[in-house]
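Taking the UniProt record's numbering, the leading residue of the sequence shown gets 3, the next gets one more, and so forth.
Take a look at the structure below.
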Amino acid sequence: HIYLDNAATTPMAPEVIATMTDQMQNDFGNASSTHYFGQQAHRVLDESRHTLAQNIHAKKDDEIIFTSGATESNNTVIMQTAKKRQSLGKHIITTAIEHHSVMKPLEYLETQGFRVTYLPVDENGLISLDDFQEALDDETILVAIMMGNNEVGSHMPIHEIGEILKDHQAWFLTDATQAFGELEIDVQKDHIDFLSASAHKINGPKGIGILYVRDGLYLDSFIRGGEQEKKRRAGTENIPEIAGFAKAVTLLTPEKKAAERDRFAGFKRQIVDGLRANGIDFEVNGSLAPDTLGHVFNLWIKGISTYVLQMNLDLAGFAISGGSACTAGDLEPSHVLIAMYGQDSPRIKESIRISFGTYTTSDDIDQFVAALTKIVQRIQAKQQREKE
Ligand code: PMP
């Protein structure tokens, strides 16, 4: 089987597994304990926090809170900002193509009297800064705009948004879950107040993530109990996972990220050229611009349903996705493709997402192109027979 669904999750790097195994076997202490074992665990916690803080150019290590993942981070910011700042206004701005871990809490807030603006996107999956400026008003308390999209890879103008918000009361949350492994992130330069990410998208373990909280901003936690994470998130710290996350981050040097982006761009060309040479009728959903996230690729295979494509590729040994993994189980068309192309576009029912990772090879891509070609030709021949 060939795995081409790295936007859903990635396999863990052997180095990460080794680090975590070592932690579980040797440094099992509770980081809050004052004895030797506790101190060992606390040292790992501090070092890991430092690694994460440096990676996104945070000013202080304490600006990083370890959470169970981006879902918890996004929920925390949205729900707690609403609770804390509602006296300043009840308006929140987001985009039409956020992940459900942003969408769902916002939809809930709408039932509680909050006003949410969902900025539209163009065919490249990008918002317009004019629309954003227009939506921003005196009652806006939060702006939640993702850094990179998980279905089509669009890369939002985060720096420009941060600049605009610098002198506005609204707090700025960016979901960097997909961008984290590819882009150089600088929370200070981009004036980001809150940032979410998950380890399992960068060859780290599942169930661990971060929430960056700009120094000076305070949020209540949902999770009350012990005084861990400076009272911002109670519960014994999950040191093996935290250490695994930090290890995954250290493997992703800026040079490695740049090289991977080049390699992934090459894979996209390989697929486009391969399918074209084989006479397949398809279009790219979103953009092939260099600024797009390299690992996410979305294709419209004209005339064949997402479900049929996905099932046949699975049978042929290729793991791809019909959209985001969270919605892949149901047959709801992707809200991202609908926002980009409209409810009536055939694309929303005939598209697949292919996503690359560290262990994807050019040979995998050749095999994928050959398999997809065969499937499309077989189904088209069947459709033709049925017509006659
Ligand atoms: N945001 C984005 C953009 C994502 O792609 C994902 C994972 N699909 C999440 C948030 C949620 O991450 P997790 O499931 O690790 O909480």
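Ideal placement from N, C-alpha and C gives every residue a C-beta, glycine not left out.
Since the structure is predicted, the reported quantities are computational estimates derived from the model, not experimental observations.
Item: Taking the continuous beta strand (DSSP E) assigned at F284, which residues delimit it?; Value: F284 to V286
Item: Going by C-alpha distance, which of A248, A291, R380 and S50 is nearest H202?; Value: A248
Item: What residue from S364, S353, K208 and A279 has the CA that sits closest to T12's CA?; Value: K208
Item: Would you identify the three-state DSSP class for D5, choosing helix, strand or coil?; Value: Before going further, note that residue 5 is Tyr rather than Asp in the sequence given. DSSP places Y5 in strand when its eight states are reduced to three.
Item: Pick out whichever of F284, Y220 and V286 has its Cα sitting closest to the Cα of K85.; Value: Y220
Item: Going by the CB atoms, is the gap between S364 and Q272 shorter than 8 Å?; Value: yes
Item: Residue 2 lies in the alpha helix (DSSP H); which residues open and close that run?; Value: Coverage of the chain is limited to positions 3 through 390, which leaves residue 2 absent and any answer about it impossible.
Item: May I ask you to report which of helix, strand or coil DSSP gives A330?; Value: At A330 the pLDDT is 48, less than 50, meaning the model places this residue with poor confidence and gives no usable figure here.
Item: How is A236 classed by DSSP in three states: helix, strand or coil?; Value: coil
Item: Rounded to whole angstroms, what's the CA-CA distance from L144 to V189? Just pull it up for me.; Value: 16 Å
Item: Using CA coordinates, which residue listed in T252, G296 and P256 is at the minimum distance from F269?; Value: G296
Item: Taking the C-alpha atoms as reference points, what is the distance between A172 and K258?; Value: 35 Å
Item: Considering only residues of the same chain and omitting the five flanking positions on each side of A236, which have a CB-CB separation below 8 Å?; Value: S223, I225, R226, G227, G228, E229 and Q230
Item: Less than 8 Å separating the beta-carbons of S198 and G211?; Value: yes
Item: Just to confirm my understanding: we take P242, look at its own chain, exclude 5 residues before and 5 after, and list those with CB closer than 7 Å. What are they?; Value: M22, Q25 and M26
Item: Does DSSP put G183 in a helix, in a strand, or in coil?; Value: coil
Item: Considering just the uninterrupted stretch of the alpha helix (DSSP H) at A245, what are its terminal residues?; Value: I241 to L253
Item: For the putative contact between L185 and P159, defined by C-beta atoms under 8 Å, what is the C-beta separation to the nearest angstrom?; Value: That pair is no contact at about 13 Å.
Item: Is DSSP giving Y110 helix, strand or coil here?; Value: helix
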